[in-house]
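Residue numbers (numbering that gives the first Met the number 0): 0 to 357.
First the structure, in the form of structure tokens, and then the observations on it.
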Amino acid sequence: MCRDACAGKSFIANSSTMKWRKRFFFLCALVSVFALNAWSQDAPDSQAVRPSGVSGPVRKAKAVTAKDTEDADVESTAAHKTKTSKSTHAASHRKRAKEKETEESIPAPTEYTPEGIPKTSAASAIVVDANSGKILYEKNADQTRVPASTQKLLTALVVAESGFLERTVTVQVVDTLAEPVKLNIKAGDTYQRIDLLRALLVKSPNDVARCLARDNAGSIEAFAEIMNRRAQQLGAVHSHFVNPNGLPIPGQYSTARDLSLIARAAYANPTIRSIVCLPQLVFRYANGRTRELENTNKLLRRLPYCNGMKTGYTDAAGKCLIASGTRPGKDVIVVVLGDSSSKVWRDASALLSWGLLM
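Laid out in structure tokens, this is it:
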């Protein structure tokens, strides 16, 4: 009896010890989980971008936004007419940033047709194989549209194909007579053509487009004739260009199909291909001052397989985007015209992803 009683007491003691051990280990594990979560929230974002040639702390890449005016060909009229104090401007900037963050934190989901093709709110669109030219999808592809800054791909193509990109260009007063967005290059300053070409394709400044066009052909009018001739050679027969930057002007128009033909030629050009893929670059002014230019194409930071091409926006054109992407054995170009600020990035990324998986 004594042995049984002792054995029972020993069993109870051991069971009690095991329960406390389990509770202790559970509490330790719980504390570890909370500590890990706290560390992960405080840890720095690994998705950071450091521009080549720029030292200093790493700057985080901006999130893709649905409403961004950096790729606009023309600044709003109010921006030209209204001058506010620095404090008011800063407060307004903070307010817009907060509104933008709230508005765009949850992107609208993409809808698909029964065939699995992404639906788009764009007025016209086309998806083509960049190598073969095969059309994978089209929507109102022959509808005449205002191309905005997407036509700068043709401007860049003419300049790149003319060669001698290391030669210097002297800025003239007539080059600076453009509406924003501008790089604010000054008359009398000199730059290499390649540096201006890089700025044109990354940040889309209208004064740089005028400078390159005038340097290439002697005048804006003469350069427009070259643009139209080159477009005809590429089969873009339903387009007509009047200036090199896409600013609104009567008689200037194109179609999604024509722009895809121009984009294919630009995509095949090694110089242009090496520029449009840059998320940002550092531009050095003639006086030695430098400025970091962030690419207006937000898909470069959103989609790892996106490798260029060109944005565009005016009130008449709406949001426009030519985007290219690649995966082993396939290259695709997407043209989206007349879209809305809240949907252009979603539409283009969905079409690009779909095209690469076709």
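Cβ coordinates follow ideal geometry from the N, Cα and C atoms, glycine included.
Whole-Å CB distance - residue i paired with residue j, under 8 Å assumed
| i | j | result |
| --- | --- | --- |
| leucine 280 | arginine 144 | With a Cβ gap of about 29 Å, leucine 280 and arginine 144 do not count as contacting. |
| threonine 189 | alanine 285 | 6 Å |
| glutamine 142 | serine 123 | 5 Å |
| valine 158 | isoleucine 184 | Valine 158 to isoleucine 184, Cβ: 15 Å. No contact. |
| arginine 209 | isoleucine 219 | 7 Å |
| asparagine 205 | glutamate 165 | With 8 Å as the limit, asparagine 205 and glutamate 165 do not qualify as a contact, their Cβ atoms being about 24 Å apart. |
| alanine 147 | tyrosine 312 | 6 Å |
| aspartate 128 | valine 275 | Their Cβ separation, rounded to whole angstroms, is 18 Å, which puts aspartate 128 and valine 275 out of contact at 8 Å. |
| leucine 336 | alanine 265 | Not really, about 16 Å apart at Cβ, beyond 8 Å. |
| isoleucine 321 | alanine 262 | 5 Å |
| proline 117 | leucine 350 | 6 Å |
| lysine 151 | leucine 182 | At roughly 13 Å, the Cβ-Cβ gap does not stay under 8 Å, so lysine 151 and leucine 182 are not in contact. |
| alanine 255 | alanine 140 | 5 Å |
Residue i, DSSP secondary structure in three states
| i | result |
| --- | --- |
| valine 170 | coil |
| tyrosine 266 | helix |
| glutamine 40 | Low confidence applies to glutamine 40: its pLDDT is 34, below 50, so where it sits in the model is not reliable, and the reading given next is rough at best. In this structure, glutamine 40 counts as helix in the three-state DSSP scheme. |
| lysine 21 | Per-residue confidence for lysine 21 stands at a pLDDT of 47, beneath the threshold of 50, marking its modelled position as unreliable; the derived number appears in the next sentence. Helix at lysine 21. |
| lysine 151 | helix |
| leucine 202 | At residue 202 the sequence reads lysine, which differs from the leucine that was named. Helix, per DSSP. |
| glycine 115 | coil |
| leucine 211 | helix |
| serine 340 | coil |
| threonine 81 | Only weak support is given to the placement of threonine 81: the predicted model assigns it a pLDDT of 43, under 50, and the question is left unresolved by the model. |
| leucine 26 | For leucine 26, the pLDDT reaches just 45, beneath the cut-off of 50, and the residue's location in the model is therefore unreliable, although a value from the coordinates is still provided. Leucine 26: helix per DSSP, three-state reduction. |
Extent of the continuous alpha helix (DSSP H) to which residue i belongs
| i | result |
| --- | --- |
| phenylalanine 222 | 219–232 |
| leucine 351 | 343–356 |
DSSP beta-bridge partners of residue i
| i | result |
| --- | --- |
| serine 323 | Gly307, Ile332 |
| isoleucine 248 | In DSSP, isoleucine 248 forms no bridge with anything. |
| arginine 144 | Ser253 |
| threonine 189 | Thr169 |
| glutamate 137 | Ile125 |
| leucine 280 | Leu292 |
| valine 239 | The question names valine, but residue 239 in the sequence shown is histidine. Tyr252. |
| lysine 181 | Answer is none; lysine 181 lacks a bridge partner. |
Endpoints, beta strand (DSSP E) assigned at residue i
| i | result |
| --- | --- |
| alanine 122 | Neither: alanine 122 is in no beta strand (DSSP E) and is coded neither H nor E. |
Complete runs of the beta strand (DSSP E) confined to the region 289–316 [at least 3 residues]: 289–293, 305–313
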